[in-house]
Every structure is written in structure tokens, then in C-alpha cells.
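Single-structure report; data block below.
Number of protein chains: 2
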Amino acid sequence: MLNRVRSAVAHLVSSGGAPPSRPKSPDLPNATSAPPVAPPQAPRSPPARAGSGGAAPARTVEARASFSRPTFLQLSPGGLRRADDHAGRAVQSPPDTGRRLPWSTGYAEVINAGKSRHNEDQACCEVVYVEGRRSVSGAPREPSRGQGLCFYYWGLFDGHAGGGAAEMASRLLHRHIREQLKDLVEILQDPLPPPLCLPSTPGAPGSSDSSQLVGPQSCWSSQKEVTHESLVVGAIENAFQLMDEQMARERRGHQVEGGCCALVVVYLLGKVYVANAGDSRAIIVRNGEIIPMSREFTPETERQRLQLLGFLKPELLGGEFTHLEFPRRVQPKELGQRMLYRDQNMTGWAYKKIELEDLRFPLVCGEGKKARVMATIGVTRGLGDHNLRVCSSTLPIKPFLSCFPEVRVYDLTQYEHCPDDVLVLGTDGLWDVTSDCEVAATVDRVLSAYEPNDPSRYTALAQALVLGARGTPRDRGWRLPNNKLGSGDDISVFVIPLGGPGSYS
Amino acid sequence: MLNRVRSAVAHLVSSGGAPPSRPKSPDLPNATSAPPVAPPQAPRSPPARAGSGGAAPARTVEARASFSRPTFLQLSPGGLRRADDHAGRAVQSPPDTGRRLPWSTGYAEVINAGKSRHNEDQACCEVVYVEGRRSVSGAPREPSRGQGLCFYYWGLFDGHAGGGAAEMASRLLHRHIREQLKDLVEILQDPLPPPLCLPSTPGAPGSSDSSQLVGPQSCWSSQKEVTHESLVVGAIENAFQLMDEQMARERRGHQVEGGCCALVVVYLLGKVYVANAGDSRAIIVRNGEIIPMSREFTPETERQRLQLLGFLKPELLGGEFTHLEFPRRVQPKELGQRMLYRDQNMTGWAYKKIELEDLRFPLVCGEGKKARVMATIGVTRGLGDHNLRVCSSTLPIKPFLSCFPEVRVYDLTQYEHCPDDVLVLGTDGLWDVTSDCEVAATVDRVLSAYEPNDPSRYTALAQALVLGARGTPRDRGWRLPNNKLGSGDDISVFVIPLGGPGSYS
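If you read the sequences in order, they're chains X and A.
Residue numbers for the first sequence follow the UniProt record's numbering, beginning at 1 and rising by one.
Residue numbers for the second sequence follow the UniProt record's numbering, beginning at 1 and rising by one.
Here you go:
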């Protein structure tokens with residue numbers, strides 16, 4: 001492992017910034033290729049989080065196979081082997097005969113062309129019931145209030161440096177979201193604005209006095225209006241952080257090696273929340289129009305955040321990296337000359353005199369799919385990566401990575417959706433070779449070939465998207481019809497019809 | 001002074017976040033109201049900046065009057081008094097009879113309604129010639145190359161806590177830009193991509209070997225492409241920083257009290273660069289369509305940047321502030337209860353248990369025009385403010401303020417502009433009471449009343465915009481036709497016709 005990263009860095013040093021091989025993942029072995037370690041029989045329940053007021057939700061109790069695919073694929077042992085075959089790259093979807101995915105969701109996936117031993121993408125699609133923790137006022141629940149809530153949930157997790165983090169996130173992240181929502185069950189169903197302040201111990205003796213609920217119309221003359229929607233956003237954000245903290249705690253006992261991008265959709269009370277941490281992407285195709293629902297977080301898009309952190313906390317650079325950006329690696333013989341640079345405050349470029357510390361490796365280097373933080377990792381948000389270090393040093397990379405998603409909200413009730421309006425989620429294996437417009441064209445082409453009420457049309461669309469990105473084997477590679485190379489990465493796609501569960505489930 | 005800030009903070013403490021009076025400025029006395037201190041006879045020349053390769057540009061040699069208006073207004077002593085009259089609030093424009101502003105620019109301004117002793121806005125409109133410092137290759141300049149460059153320049157500076165910073169910036173910022181561009185004169189006129197590396201001492205003996213110019217097609221296999229445009233952006237960004245540093249050096253000798261927002265436009269080689277640091281605004285109105293050319297930097301829009309800095313550098317909070325945001329001030333009796341909060345990573349809200357340190361005053365508080373950093377200042381980018389401290393403590397606020405502008409570029413050659421297409425710049429006095437759409441409507445209404453070739457039409461438009469935001473005195477206030485209050489702030493407006501200097505100058 002160290003040798004592989006060392007050789008990557010040596011190449012970077014000699015070629016000016018472009019790592020040689022894998023587009024995104026650090027060159028670390030797959031956790032899944034190591035023999036699974038049996039988890040403790042009574043796994044620690046994560047300690048309650050200060051301030052969040054709840055016990056942590058989810059436990060990792062099952063001993064896991066060395067690799068796995070989403071359970072909703074209902075793969076037999078033979079099917080699992082075919083799904084794991086780099087040579088055939090058969091597209092996988094839930095069986096026509098079995099129980100359909102909630103909301104008539106379409107799904108398809110394909111393994112990479114040899115980039116990693118197993119498919120490091122994972123997926124989850126669930127309907128999750130949230131039971132209110134207790135009445136927030138502490139009063140006994142009235143029959144008409146305090147009913148639980150349901151949310152629909154879709155998650156795509158693109159793993160790197162092993163499948164452990166993606167696999168864990170696909171099993172547990174929605175449970176963290178459920179846990180965060182438990183406190184909000186009553187509040188979200190109450191048309192009044194959320195109370196700014198809640199009693200400390202809901203339901204505890206003495207806390208049933210509703211005068212402790214400081215409502216938004218209290219004596220304070222100025223206070224921010226907090227919406228129900230922003231509470232759901234906050235719940236999703238904190239769930240990502242708690243998931244990441246759980247990975248940190250359990251990384252040893254449970255082989256949570258590596259990290260993963262996470263793209264998650266929550267449908268709750270009429271609104272679609274799209275949370276993205278990484279370089280997967282979500283778009284809505286509505287009446288042929290494209291509505292971006294996420295943006296990618298990479299060393300290029302987050303350059304200034306990374307540089308600022310390196311500037312404010314130079315100890316995180318370990319004397320090995322410079323927070324300045326140069327158009328290429330600076331050579332020792334250029335000391336004293338003036339070279340183009342950018343610092344954390346700049347979007348433009350200027351010349352600066354090269355000094356000794358500018359010869360350090362840049363914190364952010366490379367372009368496009370080859371851009372890297374600390375010469376190692378090509379995504380800057382996601383879950384896991386707690387063990388990730390710069391090779392040949394003990395310098396941790398995790399401080400530069402953020403586990404927080406950006407959450408965008410789409411109000412499903414504001415528009416009359418037709419059966420051809422869809423939300424498409426894809427890992428970067430799709431988007432590396434497929435533009436938003438090409439996806440919209442495929443949506444139109446495939447869906448118009450099916451009856452509007454044929455529930456298999458969304459699976460057919462997901463398959464078409466995966467096939468279109470994978471290509472066919474030809475001329476020693478997987479090639480697209482235009483003869484360009486298809487994606488050699490794992491590819492996973494959800495297609496969510498926006499007509500809603502009432503229409504299709 | 002301290003008493004006024006103390007009373008403001010006392011009010012904040014008692015009313016939960018809303019400071020009482022002035023919308024943006026900290027309650028500090030005007031520098032201009034103090035007797036001017038004679039500057040040293042031989043002001044220090046700012047030391048050369050490491051890496052920028054040039055001597056600092058501009059010196060402040062003049063002893064200044066206690067207040068001033070832009071020289072292009074050509075105000076007589078009587079006119080200066082009228083411009084300084086809070087009761088009459090006469091709109092000021094350059095005289096019809098004098099030399100017009102470059103590019104037929106329209107300009108109008110009006111003093112505030114008593115908010116500060118003088119008009120703290122300042123403006124500048126210049127054509128600036130940049131002589132190349134030397135041939136970048138060190139070779140003797142050929143007659144056909146290395147010609148100087150001209151840029152057109154407009155600047156609006158909205159001062160707070162005194163007029164010193166705005167006045168200084170209006171006199172000197174364009175000189176800093178000129179100085180930054182000197183090194184680029186040849187490069188910007190060369191159709192080839194900019195060289196990544198320049199010899200250390202341009203023109204020095206031994207540096208004339210052009211092989212030292214490492215071109216973009218060198219042996220490095222991967223390097224970023226740097227455009228001419230991004231060099232101009234970088235030059236403007238660094239000029240802002242150098243201006244700010246000069247203010248820091250000279251703040252004592254020259255009464256550079258207070259700070260200012262800076263909105264600057266540079267036209268160079270076919271492109272318009274709009275640089276904004278503060279809460280002024282620029283929009284293009286083109287064929288009736290509105291194109292935003294800036295965004296505002298306030299405690300609300302920069303909340304997460306400010307919170308992150310407070311989180312990473314808690315010493316900057318001095319034990320007096322918390323980096324967390326609450327919807328209103330937390331009360332001691334709420335200790336142990338759970339209140340809504342946001343940290344630096346969140347866009348949504350969640351509940352947290354109130355602990356002792358949450359009782360500190362929030363780093364960012366208030367909403368809209370009342371939002372404040374450290375209960376003091378309502379803008380988060382700009383120049384100056386080096387002396388600004390939290391009242392009743394020595395805690396400096398400057399570390400949270402950024403002097404860097406956001407620069408947007410508009411390619412004037414990509415569109416055939418008609419005489420009614422304009423770029424409108426305004427200080428917040430305009431935008432507080434006027435929407436982008438209302439400005440576009442006024443553009444249409446006023447310009448259609450003038451012949452397209454009448455050069456006074458842009459001044460008439462600027463005046464109409466200022467008048468429309470000021471209103472007329474009625475019912476004990478300045479009121480708009482809809483009877484709402486007009487802006488009591490200083491209001492300054494530039495109208496730049498986009499037909500270009502060839503058409504109008």
C-alpha cells in the first residue's frame with residue numbers, strides 16, 4: 001500500500017501534478033479484500049450526543065460478507081458472482097418478479113472494469129417510519145397529535161479505498177436521519193412555527209408546563225424565523241455528522257476502511273431534500289428542462305476552503321505542503337524567479353517570487369478528475385476516511401475533508417408533475433461520460449417508449465443510463481457508440497418518478 | 001464614543017439581538033469631525049511588497065480638508081456647503097458646463113438625512129494610463145510592443161465610522177491597480193498565454209535570456225491554463241489588499257479612521273471587471289434584462305465564513321463571543337434547555353442543550369440591515385477598520401473582515417450594445433429602497449425621454465435614481481411616492497453606458 005502511494009507521489013513530483021492512475025480513490029487496498037473481522041457480540045452503543053438529546057440510533061450487529069450488493073437486488077449466490085464480474089459487467093436491477101422498490105423507483109448498477117476488486121458503490125432505498133420520541137411539551141400525547149411520520153429515502157454511496165464506509169453508510173445513514181427527526185415529529189406536523197426553545201428533558205417530571213415552551217412570539221423583539229424545512233435540513237446535516245462519527249468510533253472493530261461520497265434524497269411532507277457530500281450528482285428532468293439538484297465537492301470546487309484551512313492551521317500541512325496554488329509544480333532551480341500563484345483569497349492569478357517554502361508540494365494540485373488534496377484524494381466531502389494519511393508521513397488528510405452535505409430542497413407540491421418527470425441520481429461513473437443534456441435525452445427516449453402507467457419504465461430508464469455510460473466491449477475497452485471510452489468506474493443510478501408515491505407505489 | 005457603543009450593546013443584551021439605531025456603521029465618531037492632524041511632511045513610502053516585485057504606488061501627501069466631495073463635481077465653497085446640507089439634501093452631479101466624465105458616465109449623489117455629520121460616500125472616475133514597468137523578458141522594448149495600456153475606472157466607496165477610509169480609497173485604489181498592472185502590460189497585449197514563470201529581476205543584467213521564460217508548453221505534462229482575464233482579476237484582488245495594508249500603515253498620521261465598502265469597475269481590453277467588497281451593488285440593464293454583477297457581503301451572507309473563523313481561531317472571540325448562531329439571544333434562565341442553533345457547517349437549524357458558553361454574545365446576530373458581526377459592524381468586506389474594536393474590550397474586529405473583493409467579468413465584445421444598455425453602480429442607500437426591477441424601469445423611463453446621442457441622459461438617469469431613493473420631505477421624513485420612507489443614508493450612483501468609449505466619449 002505505502003509503495004503504491006509512494007510511487008504515485010514520486011510520479012507527481014516528477015511530472016508536475018498529475019497522479020498516474022486512478023481517478024478518485026487513494027491507492028489503498030480494499031477493506032473488503034481483507035478477511036472480515038468478527039464484530040464484538042455486543043457492539044457499543046454510541047454515546048449520546050451532547051445537545052442532540054437522543055441516544056444514537058443504529059448498531060452494526062451483523063458480521064458481514066467480504067462484499068455485498070444492495071439487498072433489494074435480491075441476488076442469489078450466482079447472481080452475486082455475476083454482479084462481481086469485471087469482464088462481463090452485467091447491469092444489475094431489482095428483479096421484475098419481486099417486490100418493487102418504493103415509489104416505483106428505478107435502479108441499475110454495474111461494476112467497474114477492474115479499477116477495484118469489488119463494486120465500491122452501494123445503494124439504499126427505504127420507507128422509514130419515525131416514531132416521535134415523546135411529546136415535546138412533555139404532556140401525554142393526544143390521539144390526534146404526535147402521530148409518527150414516514151419519509152421516503154434513497155441513498156447512493158460511492159466508496160473509495162475500500163467498500164467498508166459505503167457499505168456501512170448504506171445500512172445506517174437513514175437510521176441516523178430517523179433519529180434526528182424523532183424530536184421533530186410533533187413540531188413538523190404543527191402548522192405553528194417551531195418553538196425556539198424546548199425543555200431540557202422531554203417528558204421528565206416538572207417539564208410538562210407548557211410555559212417553558214418559549215414560542216416565537218415571546219418578549220424578544222427580534223428573532224430569526226426558523227422554518228420547518230430548515231429543521232429537516234439541520235436534521236440531515238447532523239445525521240451525516242453522526243454517521244461520520246460512528247465510522248470513526250467503529251473503524252477498527254468493523255473494518256470501516258476507506259470513505260465514501262454520499263448522495264441522499266429524503267421525501268418528507270411534500271418536499272424533496274437532496275443532500276450531497278462528494279462528487280455524485282442529482283438532477284431533475286421536468287418537462288425536458290434540467291434542474292440541477294446538487295453540486296460536486298472536489299479539490300477544484302473547494303480549493304479556497306481547503307487553502308483557507310491550511311493557511312489558518314498551518315500545522316495541518318505538517319511542513320510538507322504549501323497552501324498556495326501554482327499552475328504546476330515549482331522546481332528548485334526556479335527559486336527567486338516569479339511564478340503565477342493563487343492564495344486562499346484569490347480567484348485570479350498573480351506573480352510571486354518563489355521562496356524556499358513554495359517548493360513544498362501544493363495542498364491542492366491537478367485539474368479535473370486528476371485534482372487531488374495532498375496528492376491523495378479527489379473528493380473533499382463524504383463519510384469515513386478517518387485513517388487516510390499522506391503516504392510516507394503520518395499526516396492525516398481527514399481534517400481537510402468535510403462530512404457535511406449541501407442540502408437542496410424541492411417542493412413537490414408547487415408543480416403538477418407528469419409521469420415523465422424524474423429525479424435522476426448517479427455516481428460519478430455516470431456523469432464522467434454523460435452530460436445532463438444526454439441524460440435528459442435518454443429520459444425522453446426511454447420513457448416515451450413505455451406506457452405512462454408501466455411501473456417498469458423507470459428501471460428500464462436506469463438501465464439505459466447505466467448501459468449508455470458503460471458502453472460495450474470493443475477495441476480493447478468499453479466504448480460508447482461514438483467510439484470514446486465508456487466509464488470504467490462503478491456506475492449506479494436511481495430514477496425517482498416525481499409523480500409521487502400516490503401515483504406509482 | 002465608547003458610551004454610544006456600550007449603550008448599543010446594552011440594548012442588544014436586553015432586547016435579543018437588534019441594535020437600535022444606525023443600520024450599518026459602528027457607532028464611532030467621524031474622523032472628519034475631529035480636527036485634522038497634519039501629516040508628516042515626508043510620509044513614509046510603503047515598503048515594497050515581497051513577491052509583488054514593485055514599489056508601492058501611491059502616497060498621501062496632501063493635508064486634507066475636514067470633508068470633501070469628488071473633485072469631478074467641481075463644487076464651489078458654496079456648492080460644497082449645499083452638498084453637505086442634511087436638511088435640503090440637494091442632489092449633486094457634475095456641472096453640465098464642465099468637462100464630462102469619461103465614457104459619458106452619469107453620476108449623482110445626495111447626503112444622508114443626518115445619520116452622520118458628512119456624506120461618507122466617495123466616488124472616483126478616471127482614465128488611467130499604465131506604463132509597462134519594463135520588458136518582462138528584460139530585452140530592450142521594441143517599438144511595436146510594450147506600449148502602455150489604458151483602463152477606465154469607476155469607484156464607489158461607502159464609508160462608515162468616519163469618512164477617512166472612503167476618501168483615501170477614492171484617491172488611491174486605482175493607483176494600486178495601475179501598479180499591479182504594470183508588470184502585465186506586455187503580457188496582456190501578447191496573444192500567447194501568460195508565461196507561468198518570469199525572471200526574478202526584470203531587466204536586470206543577465207536576465208535577458210528568454211529561455212528563462214518558462215512558457216506554458218514546457219516539459220511539465222500537466223499545468224493549469226491561466227488566462228489573461230484571470231491576471232487582471234488577480235491584479236485587482238491584490239490592489240485591494242495593498243490598499244488595505246496602506247491604510248493600516250497610515251491610519252495614525254493621516255486620520256484614516258473608519259472603513260469603507262468598495263465597488264470598483266475596471267474596463268480593460270474589451271472586458272468590464274466589477275469588483276465588490278461590501279454591500280454596494282452593480283447591475284447591468286441590457287435590453288430591459290437585469291444581469292447582476294455583484295453580490296453583497298454582510299454578516300448574513302458571510303455567516304458561515306465568519307463562524308468557521310471563530311471556530312478555528314477561538315482566541316479571536318476573546319471569551320466574549322460564541323461562534324454558534326441562535327435565533328435570538330440566549331437567557332441565563334434557559335441553561336439546560338434546548339434551543340435552536342446553527343454552527344459553521346449548517347444551513348439548517350437543530351436543537352442543542354444550552355450550556356454556559358452559549359450565553360456569550362453570538363459572533364453573528366441580527367437580521368437584514370440589522371445583522372452585525374460582534375454586535376458592531378454590518379458589512380463584512382471592505383477597506384480599513386483597522387482600529388475597530390468591540391466596545392468595552394480590546395477585541396479587534398478586523399480579523400473577521402475581508403478586504404478581498406469578488407470580481408465578476410463581463411465581455412463587452414460579446415454583445416452588440418445599444419445606447420440604453422447601462423451598468424448601474426449604487427451604494428446601499430440606493431438599493432435599500434429600490435429593487436433591481438425598479439432600477440430597470442427607471443432606466444427605461446428616463447433614457448427613452450432623451451435622444452440616444454444626448455450625453456446628458458446618463459446623468460439625468462443617475463439623478464432620477466438618487467431622487468427616487470431619497471424621496472421628498474413629507475410627514476416628518478423623506479418619503480417615496482408610495483408614502484414609504486425613502487433612504488436616509490448617503491446615496492451615490494454611477495450610470496455607465498455600455499456602448500463604449502468610442503460611441504460616447
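Just so you know, even glycine gets a beta-carbon here, dropped at the ideal spot from N, CA and C.
Everything numeric in this text was worked out from a predicted model, so none of it was measured.
**Item:** Within chain A, partners of A235 of chain X - CB distance below 8 Å
**Value:** Here residue 235 of chain X is taken as the residue at index 235 of the first sequence, counted from 1. Within 8 Å Cβ-Cβ: G348, A350.
**Request:** List the whole-angstrom C-beta distance separating L332 of chain A from L359 of chain A, where the pair is believed to meet the contact cut-off of C-beta under 8 Å.
**Result:** What you label residue 332 of chain A is simply residue 332 of the second sequence in a count that begins at 1. What you label residue 359 of chain A is simply residue 359 of the second sequence in a count that begins at 1. Checking the sequence, you will find Pro at residue 332 of chain A rather than Leu. About 6 Å; that satisfies the 8 Å criterion.
**Asked** By DSSP, does residue 513 of chain X sit in helix, in strand, or in coil?
**Response** Since the first residue of chain X shown is 1 and the last is 505, residue 513 of chain X is not available in this structure.
**Prompt:** Which two residues bound the contiguous alpha helix (DSSP H) that contains Q122 of chain X?
**Reply:** Taking the first residue of the first sequence as position 1, residue 122 of chain X is located at position 122. Per DSSP, Q122 of chain X belongs to no alpha helix (DSSP H); it is in the beta strand (DSSP E), 121-130.
**Cβ of M339 of chain A within 8 Å of any chain X Cβ** = Locating residue 339 of chain A in the second sequence gives position 339, where the first residue counts as 1. At least one chain X Cβ lies under 8 Å of M339 of chain A.
**Request:** Closer than 9 Å by beta-carbon distance: list the chain X residues that pair up with residue 507 of chain A, in chain order.
**Result:** With chain A covering 1 to 505 only, the question about residue 507 of chain A has no answer from this structure.
**Request:** Using a cut-off of 9 Å between C-beta atoms, extract the partners of L231 of chain X located in chain A.
**Result:** Here residue 231 of chain X refers to the residue found at position 231 of the first sequence. What L231 of chain X touches in chain A: L340, G348, W349, A350, Y351.
**Message:** At the level of alpha carbons, what is the spacing between R81 of chain A and P94 of chain A?
**Reply:** Sequence index remark: in the second sequence, residue 81 of chain A carries index 81 (1-based). Sequence index remark: in the second sequence, residue 94 of chain A carries index 94 (1-based). Cα to Cα, R81 of chain A sits roughly 16 Å from P94 of chain A.
**Message:** Quick check: is the beta carbon of N482 of chain X nearer than 8 Å to any beta carbon in chain A?
**Reply:** On the first sequence, position 482 is the one that residue 482 of chain X refers to. Judged by the 8 Å Cβ criterion, N482 of chain X is not in contact with chain A.
**Message:** Considering only the alpha carbon of each residue, which of X:A449, X:V424, X:Y450 lies closest to E438 of chain X?
**Reply:** If you number the first sequence from 1, residue 438 of chain X lands on position 438. Of the candidates X:A449, X:V424, X:Y450, the one whose C-alpha sits nearest the C-alpha of E438 of chain X is X:V424.
**Asked** How is the alpha helix (DSSP H) around G78 of chain A delimited, first residue to last?
**Response** Numbered from 1 along the second sequence, position 78 holds the residue referred to as residue 78 of chain A. 77-83 is the extent of the alpha helix (DSSP H) around G78 of chain A.
**Request:** Using 10 angstroms around the beta-carbon of R99 of chain A, count the other beta-carbons present and answer buried if the total reaches 16, otherwise exposed.
**Result:** Position 99 of the second sequence holds residue 99 of chain A. Under this definition R99 of chain A is an exposed residue.
**Asked** Quick one, are the C-beta atoms of G348 of chain A and S230 of chain X less than 8 Å apart?
**Response** Within the second sequence, numbered from 1, the residue matching residue 348 of chain A stands at position 348. Within the first sequence, numbered from 1, the residue matching residue 230 of chain X stands at position 230. Closer than 8 Å, so yes.
**Cut-off 6 Å between Cβ atoms - residues of its own chain near E334 of chain X, not counting five sequence neighbours on either side** = Position 334 of the first sequence, counted from the first residue, corresponds to residue 334 of chain X. By the criterion of a C-beta distance shorter than 6 Å, E334 of chain X is surrounded in its chain by I354, once the five residues flanking it on both sides are discounted.
**Item:** Proximity winner among X:F311, X:G318, X:L316, relative to R342 of chain X (alpha-carbon distances)
**Value:** Taking the first sequence and counting its residues from 1, the one referred to as residue 342 of chain X is at position 342. Considering only alpha carbons, the answer is X:F311.
**chain A within 8 Å of L312 of chain X, Cβ atoms only** = Counting from 1 along the first sequence, the entry for residue 312 of chain X is found at position 312. Closer than 8 Å to some Cβ of chain A, the Cβ of L312 of chain X qualifies, so yes.
**Item:** Cβ pair count under 8 Å reaching 3, the stretch 386-405 of chain A against the stretch 304-323 of chain A
**Value:** yes
**Request:** Give a yes or no on whether the minimum CB-CB distance between V226 of chain A and chain X is below 8 Å.
**Result:** Within the second sequence, residue 226 of chain A is the residue found at index 226, counting from 1. Yes, its Cβ sits closer than 8 Å to a Cβ of chain X.
**Item:** 8 Å Cβ cutoff, V272 of chain A in contact with chain X
**Value:** Counting from one through the second sequence, the residue named residue 272 of chain A turns up at place 272. With 8 Å as the cut-off, V272 of chain A does not count as an interface residue toward chain X.
**Prompt:** Considering V422 of chain X, what are the terminal residues of the beta strand (DSSP E) in which it resides?
**Reply:** As a working note, residue 422 of chain X is residue 422 in the first sequence. Where V422 of chain X is concerned, the enclosing beta strand (DSSP E) stretches over 422-426.
**Prompt:** Which partner residues of P292 of chain A appear in the DSSP bridge assignment?
**Reply:** Taking the first residue of the second sequence as 1, we reach residue 292 of chain A at position 292. According to DSSP, P292 of chain A bridges with A:I283.
**Request:** Could you check if A113 of chain X is buried or exposed, using at least 16 other CB atoms within 10 Å of its CB as the buried criterion?
**Result:** Here residue 113 of chain X refers to the residue found at position 113 of the first sequence. Burial call: buried.
**Request:** If I'm right that V466 of chain X touches V232 of chain X with Cβ under 8 Å, what's the distance once you round it to whole angstroms?
**Result:** As a first step, residue 466 of chain X must be located in the first sequence, where it is residue number 466. As a first step, residue 232 of chain X must be located in the first sequence, where it is residue number 232. Actually they are not in contact, since the Cβ atoms of V466 of chain X and V232 of chain X sit about 30 Å apart, beyond 8 Å.
**Asked** For Q92 of chain X, which beta-bridge partners are listed by DSSP?
**Response** Here the question's residue 92 of chain X lines up with position 92 in the first sequence. Q92 of chain X pairs with X:E109.
**Request:** Give the straight-line distance between the Cα atoms of E245 of chain A and G471 of chain X, rounded to the nearest whole angstrom.
**Result:** Along the second sequence, read from residue 1 onward, the residue named residue 245 of chain A stands at position 245. Along the first sequence, read from residue 1 onward, the residue named residue 471 of chain X stands at position 471. If I take the Cα positions, the gap works out to 57 Å.
**Asked** What first and last residue would you give for the alpha helix (DSSP H) that runs through E186 of chain X?
**Response** For this step, residue 186 of chain X is matched to residue 186 along the first sequence. E186 of chain X -> alpha helix (DSSP H) spans 185-189.
**Asked** Straight-line CA distance for P419 of chain A to I284 of chain A?
**Response** The residue given as residue 419 of chain A occupies position 419 in the second sequence. The residue given as residue 284 of chain A occupies position 284 in the second sequence. Roughly 13 Å between the two C-alpha positions.
**Prompt:** Using a beta-carbon distance below 8 Å, is P194 of chain X in contact with chain A?
**Reply:** Start at 1 with the first residue of the first sequence, and residue 194 of chain X comes out as number 194. Chain A contact via Cβ: present.
**Prompt:** Bridge partners of P497 of chain X, per DSSP?
**Reply:** For the purposes of this step, residue 497 of chain X is taken as residue 497 along the first sequence, with counting starting at 1. In DSSP, P497 of chain X forms a bridge with X:V422.
**Message:** So with CB distances below 9 Å, who are the chain X contacts of V407 of chain A?
**Reply:** Looking up residue 407 of chain A in the second sequence gives position 407. By Cβ distance, chain X contributes T347, G348.
**Asked** Whose CA, out of X:Q92, X:G88, X:D85, lies closest to the CA of L75 of chain X?
**Response** Taking the first residue of the first sequence as position 1, residue 75 of chain X is located at position 75. Looking at the Cα atoms, X:Q92 is the closest of the given residues.
**Message:** So that I know if they touch, is there some Cβ in chain A lying closer than 8 Å to that of N119 of chain X?
**Reply:** Mapped onto the first sequence, residue 119 of chain X falls at position 119. Answer no: the Cβ-Cβ gap between N119 of chain X and chain A never drops below 8 Å.
**Prompt:** Quick one: what's got a C-beta closer than 7 Å to residue 508 of chain A's C-beta in the same chain, skipping five residues either side?
**Reply:** Absent from the model: residue 508 of chain A. The displayed extent of chain A is 1 to 505, so no value can be given.
**Request:** Please report how far the alpha carbon of G288 of chain A lies from the alpha carbon of A165 of chain A, in whole angstroms.
**Result:** Residue numbering aside, residue 288 of chain A sits at position 288 when the second sequence is read from its first letter. Residue numbering aside, residue 165 of chain A sits at position 165 when the second sequence is read from its first letter. Using only the alpha carbons, I get a separation of about 36 Å.
**Request:** Could you check if S392 of chain X is buried or exposed, using at least 16 other CB atoms within 10 Å of its CB as the buried criterion?
**Result:** Locating residue 392 of chain X in the first sequence gives position 392, counting from the first residue. S392 of chain X is exposed by the Cβ-count criterion.
**Request:** Kindly indicate which residue of X:P299, X:R281, X:F297 has the alpha-carbon position closest to the one of I291 of chain X.
**Result:** Your numbering for residue 291 of chain X matches position 291 in the first sequence. If we check each option's Cα against that of I291 of chain X, X:R281 comes out closest.
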